[in-house]
Amino acid sequence: MTVEIQPFRAIAISRIAHEMKAQGQSVIHMEFGQPSTGAPAPALAEAHRVIDAEAGGYWESPLLRARVAKLYKDRYGVEIDPERVIMTAGASPALVVALNMRFAPGDRVAIARPGYVAYRNTMKALHIVPQEIDCGADVRFQLTAKALRDLDPAPQGVIIASPANPTGTVIAEDELKAIVEVCRERDISIISDEIYHGITYGHDTPCMLQFDDKAMIVNSFSKYWSMAGWRLGWLILPEEEVQQARARMGNMFLTPPTLSQFAGLAAMDCEDELEANIDVYRANRELMLKALPAMGLRSIAPPDGAFYIYADIGHLTNDSMAFCEKLVRETGVATAPGVDFDPVNGHRFIRFSFAVSTPEIEDALSRLKPFFAARTEEAQEQQPA
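Taking our numbering, the leading residue of the sequence shown gets 92, the next gets one more, and so forth.
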(Lines of atoms letter the chains of each structure in order from A and count residues from 1; the text may use other names and numbers.)
(Lines give C-alpha, C1' and ligand atoms only; values in the text may rest on other atoms or scores of the structure.)
Protein backbone atom coordinates (compact mmCIF):
# COMPACT_ATOMS: atom_id res chain seq x y z
CA MET A 1 0.00 0.00 0.00
CA THR A 2 1.38 3.37 -1.00
CA VAL A 3 1.68 5.88 1.82
CA GLU A 4 1.29 9.58 1.11
CA ILE A 5 4.22 11.54 2.50
CA GLN A 6 3.99 15.30 2.98
CA PRO A 7 6.74 17.38 1.38
CA PHE A 8 9.49 19.23 3.23
CA ARG A 9 8.05 22.66 2.48
CA ALA A 10 11.24 24.55 3.29
CA ILE A 11 12.67 22.97 0.13
CA ALA A 12 10.05 24.84 -1.91
CA ILE A 13 11.05 28.11 -0.22
CA SER A 14 14.69 27.32 -0.96
CA ARG A 15 13.87 26.67 -4.60
CA ILE A 16 12.31 30.12 -4.89
CA ALA A 17 15.37 31.64 -3.20
CA HIS A 18 17.75 29.91 -5.61
CA GLU A 19 15.67 31.04 -8.60
CA MET A 20 15.85 34.60 -7.32
CA LYS A 21 19.61 34.32 -6.86
CA ALA A 22 20.01 32.98 -10.40
CA GLN A 23 18.19 36.12 -11.59
CA GLY A 24 20.75 38.30 -9.84
CA GLN A 25 18.79 39.08 -6.67
CA SER A 26 20.43 39.12 -3.26
CA VAL A 27 19.32 36.17 -1.11
CA ILE A 28 20.09 35.20 2.51
CA HIS A 29 19.51 31.51 3.20
CA MET A 30 17.98 31.01 6.65
CA GLU A 31 15.61 28.24 5.62
CA PHE A 32 17.80 25.18 6.26
CA GLY A 33 19.65 24.02 9.35
CA GLN A 34 23.04 23.94 7.73
CA PRO A 35 26.16 25.90 8.68
CA SER A 36 27.27 28.42 6.08
CA THR A 37 30.87 27.65 7.05
CA GLY A 38 32.56 24.79 5.26
CA ALA A 39 34.41 21.82 6.68
CA PRO A 40 37.39 22.64 8.92
CA ALA A 41 40.62 23.46 7.07
CA PRO A 42 42.46 20.25 8.06
CA ALA A 43 39.50 18.19 6.83
CA LEU A 44 39.64 19.95 3.46
CA ALA A 45 43.39 19.39 3.26
CA GLU A 46 42.93 15.71 3.99
CA ALA A 47 40.21 15.48 1.33
CA HIS A 48 42.55 16.98 -1.26
CA ARG A 49 45.21 14.45 -0.30
CA VAL A 50 42.81 11.53 -0.53
CA ILE A 51 41.45 12.54 -3.94
CA ASP A 52 44.95 12.12 -5.36
CA ALA A 53 45.92 9.06 -3.34
CA GLU A 54 42.81 6.90 -2.92
CA ALA A 55 40.56 5.24 -5.49
CA GLY A 56 37.64 5.16 -3.05
CA GLY A 57 35.06 2.42 -2.77
CA TYR A 58 32.68 0.70 -0.37
CA TRP A 59 34.44 1.05 2.96
CA GLU A 60 33.79 1.86 6.59
CA SER A 61 36.73 3.41 8.40
CA PRO A 62 37.74 1.52 11.57
CA LEU A 63 39.83 4.51 12.60
CA LEU A 64 36.80 6.79 12.38
CA ARG A 65 34.64 4.39 14.40
CA ALA A 66 37.34 4.31 17.08
CA ARG A 67 37.55 8.11 17.05
CA VAL A 68 33.79 8.40 17.47
CA ALA A 69 33.97 6.04 20.44
CA LYS A 70 36.72 8.23 21.91
CA LEU A 71 34.44 11.26 21.54
CA TYR A 72 31.93 9.65 23.89
CA LYS A 73 34.65 8.93 26.46
CA ASP A 74 36.04 12.47 26.24
CA ARG A 75 32.74 14.37 26.06
CA TYR A 76 30.43 12.27 28.26
CA GLY A 77 32.64 9.84 30.18
CA VAL A 78 30.91 6.90 28.46
CA GLU A 79 32.92 3.87 27.40
CA ILE A 80 31.66 2.22 24.22
CA ASP A 81 33.18 -0.47 22.02
CA PRO A 82 33.92 0.96 18.54
CA GLU A 83 32.14 -2.11 17.14
CA ARG A 84 28.88 -0.57 18.37
CA VAL A 85 29.40 2.40 16.04
CA ILE A 86 28.02 2.17 12.50
CA MET A 87 29.07 4.93 10.12
CA THR A 88 26.26 6.15 7.87
CA ALA A 89 25.73 8.55 4.98
CA GLY A 90 24.41 11.27 7.28
CA ALA A 91 21.93 11.03 10.14
CA SER A 92 18.98 10.21 7.87
CA PRO A 93 20.07 6.61 7.07
CA ALA A 94 20.96 6.19 10.74
CA LEU A 95 17.38 7.10 11.65
CA VAL A 96 15.96 4.70 9.05
CA VAL A 97 18.10 1.83 10.31
CA ALA A 98 17.26 2.59 13.94
CA LEU A 99 13.53 2.68 13.27
CA ASN A 100 13.65 -0.48 11.17
CA MET A 101 15.67 -2.31 13.84
CA ARG A 102 13.32 -1.68 16.73
CA PHE A 103 9.85 -1.28 15.27
CA ALA A 104 7.42 -3.19 13.09
CA PRO A 105 4.69 -1.80 10.82
CA GLY A 106 1.86 -0.55 12.99
CA ASP A 107 4.04 0.17 16.01
CA ARG A 108 3.63 3.60 17.59
CA VAL A 109 6.59 5.89 18.24
CA ALA A 110 6.08 9.09 20.25
CA ILE A 111 7.59 12.37 19.04
CA ALA A 112 7.30 15.97 20.16
CA ARG A 113 5.18 18.37 18.15
CA PRO A 114 6.78 20.64 16.98
CA GLY A 115 9.58 18.39 15.83
CA TYR A 116 11.80 17.60 12.90
CA VAL A 117 9.66 16.98 9.85
CA ALA A 118 11.53 13.82 8.78
CA TYR A 119 10.68 11.97 11.99
CA ARG A 120 7.02 11.94 11.11
CA ASN A 121 7.45 11.32 7.41
CA THR A 122 10.15 8.66 7.67
CA MET A 123 8.02 6.71 10.13
CA LYS A 124 5.03 6.92 7.80
CA ALA A 125 7.16 5.64 4.92
CA LEU A 126 8.15 2.67 7.11
CA HIS A 127 4.49 2.10 8.09
CA ILE A 128 5.27 3.05 11.68
CA VAL A 129 2.68 5.28 13.38
CA PRO A 130 4.02 8.62 14.64
CA GLN A 131 2.30 9.45 17.93
CA GLU A 132 2.68 13.22 18.17
CA ILE A 133 2.58 14.86 21.58
CA ASP A 134 1.62 18.51 21.61
CA CYS A 135 4.48 20.29 23.38
CA GLY A 136 3.80 23.97 23.86
CA ALA A 137 5.46 26.87 25.57
CA ASP A 138 4.41 25.58 29.00
CA VAL A 139 6.85 22.65 28.62
CA ARG A 140 9.39 24.60 26.57
CA PHE A 141 8.28 22.76 23.41
CA GLN A 142 9.86 19.52 24.65
CA LEU A 143 8.74 16.02 25.61
CA THR A 144 8.39 15.33 29.32
CA ALA A 145 8.34 12.22 31.46
CA LYS A 146 4.76 13.06 32.45
CA ALA A 147 3.61 13.20 28.83
CA LEU A 148 5.09 9.76 28.17
CA ARG A 149 3.64 8.38 31.40
CA ASP A 150 0.18 9.64 30.48
CA LEU A 151 0.06 7.93 27.07
CA ASP A 152 -2.42 5.06 27.15
CA PRO A 153 -1.49 2.60 25.88
CA ALA A 154 2.27 3.08 26.00
CA PRO A 155 3.94 3.50 22.62
CA GLN A 156 6.59 1.04 21.49
CA GLY A 157 9.15 3.82 21.15
CA VAL A 158 10.05 7.48 21.45
CA ILE A 159 12.42 9.82 19.64
CA ILE A 160 14.15 12.32 21.91
CA ALA A 161 15.91 15.37 20.45
CA SER A 162 17.87 17.71 22.72
CA PRO A 163 18.74 20.30 21.48
CA ALA A 164 15.66 20.10 19.31
CA ASN A 165 14.74 21.13 15.81
CA PRO A 166 12.96 23.54 15.17
CA THR A 167 13.15 25.16 18.61
CA GLY A 168 16.69 24.67 19.88
CA THR A 169 15.32 23.78 23.32
CA VAL A 170 17.28 21.48 25.62
CA ILE A 171 15.86 18.91 28.04
CA ALA A 172 17.37 19.29 31.51
CA GLU A 173 19.37 16.36 32.88
CA ASP A 174 16.87 15.58 35.65
CA GLU A 175 14.05 15.44 33.11
CA LEU A 176 16.08 13.18 30.81
CA LYS A 177 16.63 10.81 33.73
CA ALA A 178 12.90 10.87 34.48
CA ILE A 179 12.10 10.12 30.83
CA VAL A 180 14.46 7.14 30.90
CA GLU A 181 12.78 5.83 34.06
CA VAL A 182 9.33 6.06 32.48
CA CYS A 183 10.58 4.35 29.32
CA ARG A 184 12.18 1.58 31.37
CA GLU A 185 8.99 1.04 33.39
CA ARG A 186 6.75 1.04 30.31
CA ASP A 187 9.12 -0.82 27.94
CA ILE A 188 9.43 2.15 25.57
CA SER A 189 12.46 1.97 23.30
CA ILE A 190 14.50 5.19 22.98
CA ILE A 191 16.08 6.72 19.88
CA SER A 192 18.10 9.80 20.86
CA ASP A 193 18.83 12.27 18.08
CA GLU A 194 21.94 14.10 19.29
CA ILE A 195 22.82 15.81 16.03
CA TYR A 196 23.02 19.27 17.66
CA HIS A 197 25.24 18.23 20.56
CA GLY A 198 28.16 20.60 20.90
CA ILE A 199 26.05 23.59 19.87
CA THR A 200 24.61 25.04 23.08
CA TYR A 201 24.59 28.37 24.89
CA GLY A 202 25.18 27.80 28.58
CA HIS A 203 23.27 24.51 28.77
CA ASP A 204 24.59 20.99 29.35
CA THR A 205 23.50 18.28 26.93
CA PRO A 206 24.04 14.83 28.44
CA CYS A 207 24.20 11.82 26.14
CA MET A 208 21.34 9.37 26.53
CA LEU A 209 23.91 6.58 26.92
CA GLN A 210 24.76 8.05 30.32
CA PHE A 211 21.32 6.91 31.51
CA ASP A 212 20.31 4.09 29.15
CA ASP A 213 22.89 1.84 27.50
CA LYS A 214 20.15 0.29 25.34
CA ALA A 215 19.22 3.59 23.70
CA MET A 216 20.04 4.08 20.03
CA ILE A 217 22.07 7.23 19.34
CA VAL A 218 21.88 9.10 16.04
CA ASN A 219 24.46 11.77 15.24
CA SER A 220 26.09 13.44 12.29
CA PHE A 221 28.98 15.57 11.06
CA SER A 222 26.47 18.00 9.48
CA LYS A 223 26.01 20.46 12.33
CA TYR A 224 28.85 20.82 14.87
CA TRP A 225 31.50 19.72 12.38
CA SER A 226 30.00 21.93 9.63
CA MET A 227 30.00 19.14 7.04
CA ALA A 228 26.36 18.91 5.89
CA GLY A 229 27.23 18.31 2.24
CA TRP A 230 29.66 15.50 3.03
CA ARG A 231 26.83 13.17 4.12
CA LEU A 232 28.46 11.49 7.08
CA GLY A 233 26.89 10.36 10.32
CA TRP A 234 26.69 7.44 12.72
CA LEU A 235 24.44 5.17 14.72
CA ILE A 236 25.33 3.65 18.10
CA LEU A 237 23.35 0.68 19.35
CA PRO A 238 23.70 -2.26 21.76
CA GLU A 239 26.20 -4.95 20.86
CA GLU A 240 23.53 -7.62 20.34
CA GLU A 241 21.87 -5.53 17.62
CA VAL A 242 24.97 -4.55 15.68
CA GLN A 243 25.01 -7.48 13.25
CA GLN A 244 21.43 -6.97 12.10
CA ALA A 245 21.86 -3.21 11.95
CA ARG A 246 24.94 -3.65 9.76
CA ALA A 247 22.98 -5.98 7.50
CA ARG A 248 20.34 -3.30 7.03
CA MET A 249 22.90 -0.55 6.49
CA GLY A 250 24.78 -2.60 3.93
CA ASN A 251 21.73 -3.62 1.94
CA MET A 252 19.92 -0.30 1.96
CA PHE A 253 22.76 2.25 1.97
CA LEU A 254 26.08 0.37 1.52
CA THR A 255 28.63 2.71 3.19
CA PRO A 256 29.26 6.42 3.68
CA PRO A 257 31.45 8.16 1.08
CA THR A 258 35.10 7.19 1.38
CA LEU A 259 36.26 10.79 0.97
CA SER A 260 33.94 12.00 3.72
CA GLN A 261 35.25 9.45 6.20
CA PHE A 262 38.85 10.55 5.72
CA ALA A 263 37.81 14.20 6.04
CA GLY A 264 35.60 13.48 9.04
CA LEU A 265 38.44 11.83 10.92
CA ALA A 266 40.56 14.95 10.42
CA ALA A 267 37.65 17.22 11.41
CA MET A 268 37.28 15.61 14.82
CA ASP A 269 40.54 17.17 15.97
CA CYS A 270 39.68 20.73 14.87
CA GLU A 271 38.12 21.93 18.11
CA ASP A 272 39.50 25.48 17.95
CA GLU A 273 38.04 26.14 14.50
CA LEU A 274 34.76 24.46 15.38
CA GLU A 275 34.35 26.37 18.63
CA ALA A 276 34.98 29.59 16.69
CA ASN A 277 31.90 28.68 14.63
CA ILE A 278 29.89 28.37 17.85
CA ASP A 279 31.06 31.85 18.84
CA VAL A 280 29.57 33.17 15.59
CA TYR A 281 26.27 31.38 16.24
CA ARG A 282 26.24 32.81 19.76
CA ALA A 283 26.69 36.36 18.45
CA ASN A 284 24.02 35.80 15.79
CA ARG A 285 21.61 34.43 18.39
CA GLU A 286 22.04 37.51 20.56
CA LEU A 287 21.44 39.84 17.62
CA MET A 288 18.21 38.06 16.70
CA LEU A 289 16.91 37.78 20.24
CA LYS A 290 17.38 41.52 20.61
CA ALA A 291 15.94 42.54 17.23
CA LEU A 292 12.98 40.23 16.67
CA PRO A 293 10.88 41.28 19.71
CA ALA A 294 11.17 44.88 18.54
CA MET A 295 9.59 43.71 15.27
CA GLY A 296 6.66 42.24 17.15
CA LEU A 297 7.95 38.65 17.40
CA ARG A 298 7.86 38.38 21.18
CA SER A 299 6.82 34.76 21.59
CA ILE A 300 9.97 32.77 20.83
CA ALA A 301 10.92 29.25 21.90
CA PRO A 302 13.98 29.27 24.20
CA PRO A 303 16.94 28.71 21.82
CA ASP A 304 19.14 26.86 24.31
CA GLY A 305 21.11 25.17 21.55
CA ALA A 306 21.27 24.42 17.81
CA PHE A 307 20.95 27.53 15.63
CA TYR A 308 17.25 28.23 15.33
CA ILE A 309 14.68 30.82 16.30
CA TYR A 310 11.15 29.40 16.33
CA ALA A 311 8.82 32.36 16.55
CA ASP A 312 5.04 32.80 16.80
CA ILE A 313 3.67 34.90 13.92
CA GLY A 314 0.02 34.12 14.66
CA HIS A 315 -0.75 37.82 15.06
CA LEU A 316 0.20 38.28 11.40
CA THR A 317 -0.95 35.14 9.57
CA ASN A 318 -2.60 31.74 9.80
CA ASP A 319 -0.64 30.43 6.78
CA SER A 320 3.06 30.16 7.53
CA MET A 321 3.86 28.70 4.10
CA ALA A 322 2.33 31.63 2.23
CA PHE A 323 3.95 34.02 4.70
CA CYS A 324 7.43 32.54 4.11
CA GLU A 325 6.94 32.71 0.35
CA LYS A 326 5.92 36.35 0.55
CA LEU A 327 8.85 37.04 2.87
CA VAL A 328 11.46 35.59 0.54
CA ARG A 329 10.03 37.25 -2.55
CA GLU A 330 9.87 40.69 -0.96
CA THR A 331 13.07 40.64 1.11
CA GLY A 332 15.28 37.86 -0.21
CA VAL A 333 15.37 36.28 3.27
CA ALA A 334 14.48 32.59 3.04
CA THR A 335 12.95 30.97 6.13
CA ALA A 336 11.16 27.72 7.03
CA PRO A 337 7.39 27.57 7.58
CA GLY A 338 6.33 26.21 10.95
CA VAL A 339 3.82 23.86 9.35
CA ASP A 340 6.78 21.66 8.37
CA PHE A 341 7.41 20.95 12.03
CA ASP A 342 3.89 21.08 13.41
CA PRO A 343 0.95 20.18 11.13
CA VAL A 344 -1.54 21.30 13.79
CA ASN A 345 -0.23 24.63 15.12
CA GLY A 346 2.66 25.34 12.78
CA HIS A 347 0.56 27.54 10.51
CA ARG A 348 1.30 30.33 13.01
CA PHE A 349 5.06 29.80 13.40
CA ILE A 350 8.21 30.49 11.43
CA ARG A 351 11.74 29.14 11.86
CA PHE A 352 14.89 31.18 11.24
CA SER A 353 18.28 29.49 11.03
CA PHE A 354 21.07 31.74 12.26
CA ALA A 355 23.88 29.43 11.06
CA VAL A 356 25.06 32.08 8.62
CA SER A 357 27.68 34.81 8.96
CA THR A 358 27.11 37.72 11.32
CA PRO A 359 27.11 40.27 8.44
CA GLU A 360 24.35 38.21 6.82
CA ILE A 361 22.36 38.28 10.06
CA GLU A 362 22.74 42.05 10.24
CA ASP A 363 21.68 42.38 6.60
CA ALA A 364 18.71 40.06 7.14
CA LEU A 365 17.51 42.00 10.16
CA SER A 366 17.68 45.26 8.22
CA ARG A 367 15.44 43.70 5.55
CA LEU A 368 13.07 42.07 8.02
CA LYS A 369 12.38 45.22 10.02
CA PRO A 370 10.36 47.10 7.34
CA PHE A 371 8.69 43.88 6.20
CA PHE A 372 7.35 43.05 9.66
CA ALA A 373 6.41 46.67 10.26
CA ALA A 374 4.29 46.62 7.13
CA ARG A 375 2.68 43.27 8.02
CA THR A 376 1.90 44.53 11.54
CA GLU A 377 0.26 47.64 10.11
CA GLU A 378 -1.81 45.52 7.72
CA ALA A 379 -2.92 43.23 10.54
CA GLN A 380 -3.95 46.21 12.68
CA GLU A 381 -5.96 47.69 9.82
CA GLN A 382 -7.85 44.39 9.45
CA GLN A 383 -8.84 44.39 13.12
CA PRO A 384 -12.56 45.10 13.64
CA ALA A 385 -13.22 48.64 14.81
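A virtual CB, placed ideally from N, CA and C, is assigned to each residue, including glycine. Because the structure is a prediction, the values reported are computed rather than measured.
Neighbourhood of residue i by C-beta distance below 6 Å, restricted to the same chain and skipping five residues each side
{"i": "R211", "result": "P221"}
{"i": "A138", "result": "L350, A354"}
{"i": "A374", "result": "T449"}
{"i": "R466", "result": "L407"}
{"i": "Q125", "result": "A319"}
{"i": "G147", "result": "T349"}
{"i": "P173", "result": "R156, A157, A160"}
{"i": "L242", "result": "none"}
{"i": "R100", "result": "M412, P428, D431"}
{"i": "C415", "result": "I104, T426, P428"}
{"i": "A180", "result": "R322, F344, P347"}
{"i": "Y207", "result": "N256"}
{"i": "D225", "result": "R204"}
{"i": "G405", "result": "R439"}
{"i": "I102", "result": "none"}
Per DSSP, the bridge partner or partners of residue i
{"i": "R204", "result": "D225"}
{"i": "H120", "result": "A425"}
{"i": "F398", "result": "Paired residues: none, contrary to the question."}
{"i": "V249", "result": "A201, I281"}
{"i": "R442", "result": "Y401, A427"}
{"i": "G324", "result": "T179, S311"}
{"i": "V220", "result": "R199"}
{"i": "I391", "result": "A402"}
Proximity of residue i and residue j at Cβ, strictly below 8 Å
{"i": "V447", "j": "H120", "result": "yes"}
{"i": "D295", "j": "E264", "result": "yes"}
{"i": "M307", "j": "R158", "result": "no"}
{"i": "R477", "j": "A245", "result": "Outside the shown range of the chain, which is 92 to 476, sits residue 477, and nothing can be said about it."}
{"i": "R389", "j": "V188", "result": "no"}
{"i": "S311", "j": "I286", "result": "yes"}
{"i": "E122", "j": "S457", "result": "no"}
{"i": "P393", "j": "T260", "result": "yes"}
{"i": "V309", "j": "S283", "result": "yes"}
{"i": "P205", "j": "D433", "result": "yes"}
{"i": "L481", "j": "I441", "result": "Residue 481 lies beyond the stretch modelled for the chain, which goes from 92 to 476, so this question has no answer here."}
{"i": "Y292", "j": "R420", "result": "no"}
{"i": "S317", "j": "G129", "result": "yes"}
{"i": "L459", "j": "M386", "result": "yes"}
{"i": "R140", "j": "E330", "result": "no"}
Close beta carbons around residue i, own chain, < 8 Å, minus the five adjacent residues each side
{"i": "I290", "result": "P254, K314, Y315, I369, Y372, G396, A397, F398"}
{"i": "G213", "result": "A small fix is needed here, since residue 213 is Thr in this sequence, not Gly. So the qualifying residues of the chain are S183, L186, V187, L190."}
{"i": "N409", "result": "H438, R439"}
{"i": "L77", "result": "Because the chain in this structure spans residues 92 to 476, residue 77 falls outside the shown range and cannot be described."}
{"i": "R275", "result": "D303"}
Cβ neighbours of residue i in the same chain (closer than 7 Å, five flanking residues each side left out)
{"i": "R337", "result": "I177"}
{"i": "L418", "result": "V424, T426, F462"}
{"i": "A216", "result": "V94, I96"}
{"i": "K332", "result": "In the sequence as displayed, the identity of residue 332 is Glu instead of Lys. Same-chain partners within the cutoff: M192."}
{"i": "F194", "result": "V200, I219, Q247, G248"}
{"i": "D454", "result": "I119"}
{"i": "W325", "result": "V159, V176, I177, M178, T179, A185, N310"}
{"i": "K164", "result": "E170"}
{"i": "R240", "result": "V273"}
{"i": "L356", "result": "S152, L154, L155, R158"}
CB contact below 8 Å: residue i versus chain B
{"i": "P384", "result": "In summary, chain B is missing from the structure at hand, where a single protein chain is found."}
### Query
When the Cβ atoms of the stretch 297-308 are set against those of the stretch 426-445, are three or more pairs found closer than 8 Å?
Judged by Cβ distances under 8 Å, the stretch 297-308 makes no contact with the stretch 426-445, as fewer than three pairs qualify.
### Message
With a threshold of 8 Å, are at least 3 pairs of Cβ atoms found where one atom belongs to the stretch 246-257 and the other to the stretch 220-237?
### Response
Cβ pair count under 8 Å is three or more, so yes.
#### Entry: Uninterrupted alpha helix (DSSP H) stretches inside the stretch 135-190 (no shorter than 4 residues)
For the stretch 135-190, whole alpha helix (DSSP H) runs of length 4 or above, ordered along the chain, are 153-167.
### Message
For the pair the stretch 165-182 and the stretch 370-386, tell me if three or more CB-CB distances fall below 8 Å.
### Response
No contact exists between the stretch 165-182 and the stretch 370-386.
### Message
Is it the case that the stretch 314-331 contacts the stretch 92-105, given that we only count it when at least three CB pairs across the two stretches are under 8 Å?
### Response
Flag = no, the stretch 92-105 and the stretch 314-331 do not touch.
### Query
Below 8 Å, can you find three or more Cβ-Cβ pairs linking the stretch 148-160 to the stretch 344-353?
Contact holds: three or more Cβ-Cβ distances are below 8 Å.
### Message
Three Cβ pairs or more, each shorter than 8 Å: is that satisfied between the stretch 241-253 and the stretch 198-207?
### Response
Counting Cβ pairs under 8 Å, three or more are found: they touch.
### Segments assigned alpha helix (DSSP H), at least 4 residues, entirely inside the stretch 332-374
Whole alpha helix (DSSP H) segments, 4+ residues: 333-344, 349-358.
### Task
Please list the segments of the alpha helix (DSSP H) lying wholly inside the stretch 257-302, counting only runs of 4 or more residues, in order along the chain.
Those alpha helix (DSSP H) runs which fall completely within the stretch 257-302 and span 4+ residues are 264-277.
### Query
Do the stretch 127-144 and the stretch 108-116 touch if we need at least three Cβ pairs shorter than 8 Å?
These segments do not touch.
### Query
Which whole runs of the alpha helix (DSSP H) in the stretch 444-474 are 4 residues long or more, in chain order?
You should have 449-472.
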